[in-house]
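So the structure is just underneath, and the comments pick up after that.
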Amino acid sequence: MSEYELLHVIFPAKLRAHVVDVLLADEQLSGFSLAEIDGHSRQNSQLDRLEQVVGYRRMLRLEVMVTEPEKQRVLTLLKQLKPASAESLGVRFYTLPISSSGHL
288 MSEYELLHVI FPAKLRAHVV DVLLADEQLS GFSLAEIDGH SRQNSQLDRL
338 EQVVGYRRML RLEVMVTEPE KQRVLTLLKQ LKPASAESLG VRFYTLPISS
388 SGHL
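Here is the structure:
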């Protein structure tokens with residue numbers, strides 16, 4: 288079993304530039320991937336009118352292989368994006384174990 292896990296962070300597209308800037312500034316992080324996704328939720332009170340009509344919110348999914356200390360550092364960096372006046376960034380995360388990895 289690898290010491291690495293795959294950290295997934297789902298966040299609003301409007302935060303893209305901030306998230307990318309924060310992660311690129313972290314010299315210990317070797318790299319990451321971003322993908323556009325459509326977020327569907329039963330909690331549509333958080334959606335704006337257009338999102339309510341189309342039925343989803345445009346989100347981004349960050350994927351990065353991390354060790355436990357790296358995961359904590361990345362999450363701490365992302366938490367700092369939240370303005371003091373905001374209740375939440377609207378960001379969710381989860382991790383998955385990596386059994387093996389490599390380059391081909």
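In terms of our numbering, the sequence shown is residues 288 to 391.
Here a beta-carbon is modelled for each residue, glycine too, at the ideal position from N, C-alpha and C.
{"Asked": "Output the distance between the C-alpha atoms of leucine 365 and glutamate 290, rounded to the nearest integer angstrom.", "Found": "22 Å"}
{"Asked": "DSSP beta-bridge partners for isoleucine 324?", "Found": "Met346"}
{"Asked": "Please report how far the alpha carbon of tyrosine 381 lies from the alpha carbon of valine 309, in whole angstroms.", "Found": "19 Å"}
{"Asked": "Shortest alpha-carbon distance to leucine 293 belongs to which of Glu350, Pro370, Arg360?", "Found": "Glu350"}
{"Asked": "Which residues mark the beginning and the end of the alpha helix (DSSP H) in which glutamate 355 is found?", "Found": "355-366"}
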